[in-house]
Amino acid sequence: MSGLAMDARLATRSQLSLATVARSPVRLSQRVGRAWRGASATPGLQPSKAQSLSWRESRQASLPLAASPTRHTRRGRWAVGAAKGEGAEGAGAEGAGAAGGESSTALTPMEVERRPDNWVSPAVLQEMGEEERTPIQKWLNPSQDELPDDVPMSIWDHLEELRERVLVSVGAVGGAILLCFFYSKDLVVFLEAPVYAQGVRFLQLSPGEYFFTTLKVAGYCGLLLGGPVILYEIIAFVIPGLTASERRFLAPIVFGSSILFYSGIAFSYTVLTPAALNFFISYAEGVVESLWSIDQYFEFVLLLMFSTGLSFQVPVIQLLLGQLGLVTADQMLGIWRYVVVGGVTAAAVLTPSTDPLTQCLLAGPLIGLYMGGAYLVKLLEGSKNPA
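Going by the numbering used here, the residue at position 131 of the sequence shown is 641; the numbering climbs one at a time, nothing skipped.
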């Protein structure tokens, strides 16, 4: 009898285990379904109606502020951050009621939002003093009085505006490329001028090499001509989310950035490219005849010109960091040894050649521009604090 009873108990346990395993997926799916419906359902909607919502509608229902952020992401992000703060406060109140005072070391919602790794809601920022805010918090959370054109827009309106501006930019660059292609021969002759007097001969080493070279030249020149349109569209998209003080610095920064970029291209064409090419020609003089591939020559020249123009943007970056209060002029000047090493390394990376002359010719202006930008930031700091 004991053996039969034991067999019966084992059979009963196995049946219960199988029933539990069979029911557990159903329970898991029910829990997931309830959690999803609870996250996506809006007040006043029944779960069955929430289930009939489309994916986009359920996402908009679960994130009510995501459909109406502020003008641009830099400002709209903190509206969602405020919603998270409010949710954290509600969750904190519920957790306190459920715990019943079990834990006294838990952080309050205010303490959680004051941590540097969390977004700070506008309500918390109003309670924080001006000296308690970090420069990043001051930049990311301006007051509404400083945003004259900050209007609510949905994320789809943002994407629609961005699409229109991208299409305008692509159309402008495409038109400039077509225009440059019609004058591609004149552009090729102009770019061959730095080595024209040295007797260098250019060869077409494969069928269609010159044709594809003219396309490359037209593309670079078209991008150069269409750059102002791209810059304007970027500014027009971003400017509604800028404060009044930021707009005052926008025009000088854009103007200075454009001047530095075109100055870098001119410096590369008149100084850097002839010096580098003359070094190669004189080094091979009397040993080999200079017969260069036209495609490789233009790849070298165009990359060198554009990399030089981009590297001349160092003072603009310094000015932005200084105005945001992230880096001071003394900090910039204090790392001049690292700047020298970094300038030489950047010149070695940016120049398409490996000769030391080209690297030194590019590293010198880079270091000089950095030091000039640091002193410019120091001058602006002195104008802010005359005492």
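Note that CB positions come from ideal geometry on N, CA and C, so glycine has one too. This one's a predicted model, so the numbers in the text were calculated from it and none came from an experiment.
Closest residue to residue i among the options (Cα-Cα distance)
i: F691; options: E674, L890 and F721; result: F721
i: Y880; options: A686, G737 and Q841; result: Q841
i: L770; options: Q823, T838, A686 and V676; result: Q823
i: V727; options: V739, G796, V698 and L735; result: V698
i: L741; options: C731, F765, L725 and G832; result: F765
Any chain C beta carbon closer than 7 angstroms to residue i
i: A785; result: No chain C appears in this structure, which consists of one protein chain only.
Residue i to residue j span [Cα, whole Å]
i: P619; j: L760; result: Unreliable placement is indicated for P619, whose pLDDT of 48 sits below 50; the coordinate value is still reported in the next sentence. Their Cα atoms are separated by approximately 37 angstroms.
i: H668; j: Q714; result: 48 angstroms
i: A776; j: I665; result: 41 angstroms
i: S803; j: L829; result: 42 angstroms
i: R585; j: G751; result: Residue confidence for R585 is low, a pLDDT of 47 falling below 50, so the modelled location carries little weight; the figure read from the coordinates is stated next. About 6 angstroms.
i: S767; j: P875; result: 16 angstroms
i: M679; j: R673; result: For the record, residue 679 in the displayed sequence is Ser; it is not Met. Going from the Cα of S679 to the Cα of R673 covers about 10 angstroms.
i: E809; j: N788; result: 17 angstroms
i: F712; j: T861; result: 22 angstroms
i: A839; j: A686; result: 40 angstroms
i: L843; j: G853; result: 14 angstroms
i: Y779; j: G681; result: 28 angstroms
i: T753; j: P662; result: 16 angstroms
i: D805; j: E719; result: 7 angstroms
i: L836; j: A873; result: 25 angstroms
i: L688; j: L725; result: 9 angstroms
i: I749; j: G732; result: 26 angstroms
Residues bridged to residue i [DSSP beta-bridge criterion]
i: L713; result: S803
Host alpha helix (DSSP H) of residue i (start-end)
i: S893; result: P866 to K894
i: T723; result: E719 to V748
i: S768; result: A754 to F777
i: E670; result: I665 to F692
i: F789; result: T783 to A794
i: Q843; result: Note that residue 843 is Leu in the sequence shown, not Gln. First-last of the alpha helix (DSSP H) with L843: A839 to G844.
Burial state of residue i (16 or more Cβ within 10 Å)
i: V683; result: buried
i: L889; result: exposed
i: T723; result: buried
i: S893; result: exposed
i: A877; result: The sequence shown places Ile at residue 877, rather than the Ala named in the question. It is buried - the Cβ of I877 has at least 16 other Cβ atoms within 10 Å.
i: S562; result: Reliability of the predicted coordinates at S562 is poor, the pLDDT of 42 falling under 50, and the value obtained from them is presented with this limitation in mind. So S562 counts as exposed.
i: F790; result: buried
i: A703; result: exposed
i: V676; result: exposed
i: G883; result: buried
i: V797; result: exposed
Cβ-heavy atom distance, residue i to the ligand ADP, below 6 angstroms
i: P717; result: This structure lacks the ligand ADP, and indeed carries no ligand of any kind.
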